[in-house]
Amino acid sequence: MMHLQSNPQDPMLRDAIMLWPITGAADDPVYDAAWFEAVFLAVDRLHDTLSSDSPNTVSRLTPEEMAGWLEDIVYTAQEAILELRTK
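Under numbering that gives the first Met the number 0, the sequence shown is numbered contiguously, ending at residue 86.
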């Protein structure tokens, strides 16, 4: 189940939008190494923050909602890996 309850004015959403790949020229890869690094760093920063702070102080989401989002992200990433490896 995808968790879609975002507020466009939310600074976290604006930061996440920066991870959206920018369409480049015909010969530019959209999902390049810099994009993957940005996604990794965003999740790593979340992990670092949660390691030192309570989930209730880092997000307006409940810990259960945050875990649900992360489960959705992990599931989708695993599906993408399967697609890559089967093509």
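Glycine included, every Cβ here is placed at the ideal spot set by N, Cα and C.
All of these numbers come straight from a predicted model, not from anything done at the bench.
Which same chain residues end up closer than 7 Å to residue i when comparing Cβ atoms and leaving out the 5 residues on each side of it in sequence?
i          : result
residue 53 : none
Sort the options by Cα distance to residue i and report the nearest one.
i          : options        : result
residue 38 : 86, 69, 84, 82 : 69
residue 65 : 45, 79, 80, 34 : 45
List the whole-angstrom C-beta distance separating residue i from residue j, where the pair is believed to meet the contact cut-off of C-beta under 8 Å.
i          : j          : result
residue 48 : residue 42 : Residue 48 to residue 42, Cβ: 11 Å. No contact.
Which residues mark the beginning and the end of the alpha helix (DSSP H) in which residue i is found?
i          : result
residue 40 : 32-51
residue 75 : 62-85
residue 57 : 54-57
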